[in-house]
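Note sheet for the following structure.
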Amino acid sequence: MPDSNFAERSEEQVSGAKVIAQALKTQDVEYIFGIVGIPVTEIAIAAQQLGIKYIGMRNEQAVDICAEELGNNVKPAVTLLGDINAVTKQLLEELDKTPWQYPPESKWWKTLREKMKSNEAASKELASKKSLPMNYYTVFYHVQEQLPRDCFVVSEGANTMDIGRTVLQNYLPRHRLDAGTFGTMGVGLGFAIAAAMVAKDRSPGQRIICVEGDSAFGFSGMEVETICRYNLPIILLVVNNNGIYQGFDSDTWKEMLKFQDAASVVPPMCLLPNSHYEQVMTAFGGKGYFVQTPEELQKSLRQSLADTTKPSLINIMIEPQATRKTQDFHWLTRSNM
Numbered sequence: 410m411p412d413s414n415f416a417e418r419s420e421e422q423v424s425g426a427k428v429i430a431q432a433l434k435t436q437d438v439e440y441i442f443g444i445v446g447i448p449v450t451e452i453a454i455a456a457q458q459l460g461i462k463y464i465g466m467r468n469e470q471a472v473d474i475c476a477e478e479l480g481n482n483v484k485p486a487v488t489l490l491g492d493i494n495a496v497t498k499q500l501l502e503e504l505d506k507t508p509w510q511y512p513p514e515s516k517w518w519k520t521l522r523e524k525m526k527s528n529e530a531a532s533k534e535l536a537s538k539k540s541l542p543m544n545y546y547t548v549f550y551h552v553q554e555q556l557p558r559d560c561f562v563v564s565e566g567a568n569t570m571d572i573g574r575t576v577l578q579n580y581l582p583r584h585r586l587d588a589g590t591f592g593t594m595g596v597g598l599g600f601a602i603a604a605a606m607v608a609k610d611r612s613p614g615q616r617i618i619c620v621e622g623d624s625a626f627g628f629s630g631m632e633v634e635t636i637c638r639y640n641l642p643i644i645l646l647v648v649n650n651n652g653i654y655q656g657f658d659s660d661t662w663k664e665m666l667k668f669q670d671a672a673s674v675v676p677p678m679c680l681l682p683n684s685h686y687e688q689v690m691t692a693f694g695g696k697g698y699f700v701q702t703p704e705e706l707q708k709s710l711r712q713s714l715a716d717t718t719k720p721s722l723i724n725i726m727i728e729p730q731a732t733r734k735t736q737d738f739h740w741l742t743r744s745n746m
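When you number the sequence shown by the numbering used here, it's gap-free, plus one each residue, and the end is 746.
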């Protein structure tokens with residue numbers, strides 16, 4: 410005979426999604442970012458019922474910790490692999506026991522200070538150029554002038570990220586988010602959304618400035634809809650040079666197409682000239698700006714910073730052949746295989 414209490418016990422069973430959600434809640438998880446689908450949907454619903462906020466993304470985001478990557482770029486003297494909180498705590502405990510500081514008058518510090526001084530002079534010279542279209546350094550100089558001191562700076566792209574890291578300053582710890590030493594593309598908007606969700610709850614009014622190259626923006630640009638869906642006052646700056654590293658202006662583009670179709674003559678690194686990425690933002694209800702001069706950039710950024718009610722995207726046209734200053738080291742682009 411069937412157990413009469415079977416149906417009653419079945420009703421009391423807890424789903425796997427609820428178990429996962431409860432485990433996350435126990436670990437003080439406050440936010441979940443994910444792609445909607447089985448089984449994520451069920452977990453997201455269960456998490457929301459427990460007070461965890463779920464942000465549905467359009468582009469998959471992931472973080473990998475691989476021991477194989479240690480020493481991939483430069484052979485290290487010592488490598489550390491472990492939980493970042495545990496390892497950092499252990500390092501700080503040891504430094505408290507035996508305080509140590511690299512000698513400030515060493516040859517290494519002297520060389521570093523000289524290099525910093527020359528880099529600063531080269532950047533200032535490039536930033537001072539008045540010619541149009543603008544170059545990277547001119548753009549970042551005018552952006553840096555207006556950035557709030559406590560803002561989060563998210564940076565993504567090739568030249569955009571590399572140059573931006575030297576010009577756009579963050580003054581507080583853990584307020585710069587980018588791909589680091591890896592050329593990862595598509596992470597910028599995900600970083601910005603995560604930072605905006607935390608800032609919205611913990612420090613309302615704190616700004617998130619997401620600086621994207623036009624190619625980088627293409628990897629996860631539809632996350633603009635996610636930004637507008639959750640009404641996150643992120644300011645997106647798309648530094649647009651019509652290409653990946655470099656592109657062509659519209660006149661050169663038209664001349665190329667007179668000879669053959671685009672697939673036959675357009676270099677693989679070129680993108681469609683003067684693409685209006687700001688219209689992606691306006692399509693979902695945010696504010697969009699198309700700027701070509703320092704004055705337009707200053708005005709649009711000032712307006713965006715003043716409006717904390719909705720997100721904005723400033724599409725900044727620069728010289729298609731603009732590049733960074735000459736590099737002394739090429740460790741990132743040289744294969745170690």
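The beta carbon of each residue, even a glycine, is placed where N, CA and C say it ideally should be. From a predicted model like this one, the values you see are computed outputs, not experimental measurements.
Residue i - partner residues in DSSP beta bridges
i: Tyr463; result: Ile441
i: Glu664; result: Partner(s): none; Glu664 has no beta bridge.
i: Met543; result: Ile727
i: Ser758; result: This structure leaves residue 758 out entirely; the chain is present only between 410 and 746.
i: Arg585; result: Val562
i: Ile447; result: Answer by DSSP bridge pairing: none, since Ile447 is not bridged.
i: Cys679; result: Gly652
i: Cys619; result: Val563, Leu645
Inter-residue Cα distance where the pair is residue i and residue j
i: Pro448; j: Ala426; result: 8 Å
i: Pro729; j: Glu451; result: 47 Å
i: Gln499; j: Asp505; result: 10 Å
i: Met726; j: Gln701; result: 5 Å
i: Leu706; j: Lys484; result: 42 Å
i: Ala590; j: Asn724; result: In the sequence under discussion, the amino acid at residue 590 is Thr, which differs from the Ala named in the question. Cα to Cα, Thr590 sits roughly 26 Å from Asn724.
i: Arg711; j: Leu433; result: 40 Å
i: Ile429; j: Ser564; result: 33 Å
i: Glu632; j: Tyr639; result: 11 Å
i: Ile464; j: Ala604; result: 12 Å
i: Leu741; j: Ala476; result: Since pLDDT at Leu741 reaches only 47, below the 50 mark, its modelled position is unreliable, and the value read off the structure follows with that caveat. Cα-Cα distance, rounded: 19 Å.
i: Cys560; j: Val596; result: 18 Å
i: Leu459; j: Val423; result: 14 Å
i: Leu479; j: Leu490; result: 8 Å
i: Thr435; j: Arg611; result: 20 Å
i: Ala531; j: Ser537; result: 10 Å
i: Asp716; j: Ala601; result: 17 Å
i: Lys609; j: Cys619; result: 16 Å
i: Lys696; j: Gln510; result: 48 Å
i: Asn649; j: Lys533; result: 21 Å
Residue i classed as buried or exposed, judged by whether at least 16 other C-beta atoms fall within 10 angstroms
i: Pro720; result: buried
i: Thr569; result: buried
i: Asn544; result: buried
i: Trp518; result: exposed
i: Ile572; result: buried
i: Ala456; result: buried
i: Tyr550; result: buried
i: Met525; result: exposed
i: Ser713; result: buried
i: Val548; result: buried
i: Pro582; result: exposed
i: Leu535; result: buried
i: Ile643; result: buried
i: Thr497; result: exposed
i: Leu577; result: buried
i: Ser629; result: buried
Cut-off 7 Å between Cβ atoms - residues of its own chain near residue i, not counting five sequence neighbours on either side
i: Phe415; result: Annotation note: pLDDT 46 at Phe415 (below 50); position unreliable, coordinate value reported separately. For Phe415, where only same-chain residues beyond five positions count, there are no Cβ hits under 7 Å.
i: Ser665; result: It is Met, not Ser, that sits at residue 665 in the sequence shown. Only Val674, Val675 meet the Cβ criterion.
i: Pro542; result: Gln701, Met726, Ile727, Glu728
i: Thr488; result: Leu479, Gly480
i: Asp703; result: One point to set straight first is that residue 703 is Pro, not Asp, in the sequence displayed. Met543, Thr547, His551, listed in sequence order.
Close Cβ partners of residue i (< 8 Å) along its chain, the five nearest in sequence each way excluded
i: Gly694; result: Cys637, Lys719
i: Val400; result: In the structure as shown, the chain starts at 410 and stops at 746, and residue 400 therefore has no counterpart that could be examined.
i: Phe668; result: Val674
Close beta carbons around residue i, own chain, < 6 Å, minus the five adjacent residues each side
i: Arg418; result: With a pLDDT of 49 at Arg418, under the threshold of 50, the modelled position of that residue is not reliable, and the figure given next carries that caveat. The answer is none, since no qualifying residue turns up.
i: Gln555; result: Leu710
i: Cys679; result: Gly652, Gly656, Phe657
i: Val462; result: One point to set straight first is that residue 462 is Lys, not Val, in the sequence displayed. Hits under 6 Å: Tyr440.
i: Arg616; result: Pro557, Cys560
Assumed close pair residue i, residue j - CB separation to whole angstroms, cut-off 8 Å
i: Leu645; j: Met690; result: 7 Å
Short CB-CB distance (under 9 Å) between residue i and chain B
i: Leu722; result: Any reference to chain B falls outside this structure, which holds one protein chain only.
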